[in-house]
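One structure is given here, and the rest of the page talks about it.
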Amino acid sequence: MPTPPDIVAAIVTYLQGAMGGSLGGSPTNPAVWADYAGPLQPLPYAVVQDSGGESYMFQSNDAQATGYWTHVVSDGLILVNFYAQTKAQARALGIQCVRVLSDTVATLVCADGVLLELRASRADTVPQSDTGPGTPTVFQRVVTLHYRQQFPV
Amino acid sequence: MAQTLDTTGRYGNVTVLGVVIPITGWRCKVHKEFAIATDSGNYDSATAQLWRSRAPGEVWCEGSLEGNFDLAGTTDANFIQKFKSDGPYAVVLNITRTVQFASFNGDFDEIEINVAVPGATMVTFTTPFMSNGVPTLY
């Protein structure tokens, strides 16, 4: 399996394995999506988003080369959105995500940096009205995770 | 986890008598006390200066462990109950799951339980320690 290009792809791949059973995923319906799931997905499912807003810290260059900093430590937020038929199910999925998606238990490798830290910081329930004509009410739970990454690898 | 260039310390933990203790933090300061060993042999005639020499003396480490008070017994069994009897106890300070910082036999000099009203979210403890014997550093 090729190395995921970024942290969002790495989390999607990881959650498909770690929470695929709870989300009812299958090879044809992976149940965990990056950025956008498309309309009328069978519930429950998850969408992983990079919220942007990365901030950077720089270290001095240990190779004494010029023109770039050797080490950049970046901080950012990842949002994992769970969509479910009931509020209780969405909350349970969020709690499971907090437990399994952490640098303590998850070994995440991606091409664009070395993951130093990944921890959930909060979760919110977002009110959702009908998502389209004739569609059921959807309950959304958003788990916000803080990550710290160092690059280049 | 892949190889990292730096680490965050989120994996930090403490082992006391072979039992991993849930903590929220530890701090450790390693001391090395040198004796002044300057004598006439330190005189440099070319510069007409007397250079200071130092000889190694005591080495020890001290610090504190901090965590939330564990009513299930882990904290009580490993700090409160053992504090009543004499140590020292084997302590291992870990930076990550696999990287140790120091191991030593240590005495717990105090147990401080903190209850804050209002505003407390947890009952917390702080346990200062000092090594008793040779500390091993990694």
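Read top to bottom, the protein sequences are chains A and B. To convert, count from 1 in the first sequence and add 1; that's the numbering used here. To convert, count from 1 in the second sequence and add 52; that's the numbering used here. Just so you know, even glycine gets a beta-carbon here, dropped at the ideal spot from N, CA and C. As the structure is a computational prediction, the values presented were derived from the model and not from experiment.
Contacts of residue i in chain A (Cβ-Cβ under 7 Å)
i: R79/B; result: Chain A residues near R79/B: none, gap ~19 Å exceeds 7 Å.
Under 7 Å from the C-beta of residue i: neighbouring residues of chain B
i: V73/A; result: Ordered by position in chain B, no residue passes the 7 Å Cβ test against V73/A, which lies about 10 Å from the chain.
According to DSSP, residues forming a beta bridge with residue i
i: D125/A; result: V143/A
i: L119/A; result: Y148/A
i: L145/B; result: V66/B, A154/B
i: L80/A; result: Q50/A, T145/A
i: H83/B; result: W112/B
i: M182/B; result: E114/B, D159/B
i: R106/B; result: I88/B
i: A35/A; result: V49/A
Interface residues of chain B facing residue i [CB-CB closer than 8 Å]
i: R123/A; result: Those within 8 Å of R123/A in chain B number zero; the least Cβ separation is about 15 Å.
i: R92/A; result: By Cβ distance, chain B contributes nothing, its closest Cβ being about 21 Å from R92/A, past 8 Å.
i: V101/A; result: Residues of chain B passing the Cβ test: none, with the nearest at roughly 15 Å.
i: L117/A; result: T56, D58, T59, T60
9 Å Cβ cut-off: residues of chain B touching residue i
i: D104/A; result: M53, T60, R62, Y63
i: R120/A; result: R62
For residue i, the nearest candidate out of the options (CA to CA)
i: K81/B; options: S137/B, T173/B, F156/B; result: F156/B
i: V144/B; options: D96/B, T176/B, D159/B, D138/B; result: D159/B
i: G18/A; options: T108/A, P43/A, L117/A, G54/A; result: T108/A
i: L194/A; options: S23/A, G21/A, V48/A; result: No answer is possible for residue 194/A: it lies beyond the span of chain A, which begins at 2 and ends at 154.
i: P140/B; options: G125/B, D161/B, A129/B, T148/B; result: D161/B
i: V139/A; options: A121/A, Y37/A, A85/A, T14/A; result: A85/A
i: V66/B; options: A100/B, N130/B, G125/B, A89/B; result: N130/B
i: V71/B; options: D128/B, T188/B, A107/B; result: D128/B
i: A142/B; options: T188/B, A172/B, V68/B, F153/B; result: V68/B
i: I163/B; options: K136/B, G171/B, I73/B; result: K136/B
Contact with chain E by residue i, beta-carbon distance below 7 Å
i: P3/A; result: No chain E appears in the structure shown, which is made up of the protein chains A and B.
Below 8 Å, can you find three or more Cβ-Cβ pairs linking the segment 160 to 179 of chain B to the segment 110 to 121 of chain B?
-> Segments in contact, yes.
May I ask you to verify whether the segment 101 to 118 of chain B touches the segment 70 to 90 of chain B, counting CB pairs closer than 8 Å and requiring at least 3?
-> Three or more Cβ pairs drawn from the segment 101 to 118 of chain B and the segment 70 to 90 of chain B lie within less than 8 Å of each other, which places the two stretches in contact.
Taking contact to mean at least 3 C-beta pairs separated by less than 8 Å, is the segment 110 to 117 of chain A in contact with the segment 81 to 100 of chain A?
-> The segment 110 to 117 of chain A vs the segment 81 to 100 of chain A: no contact.
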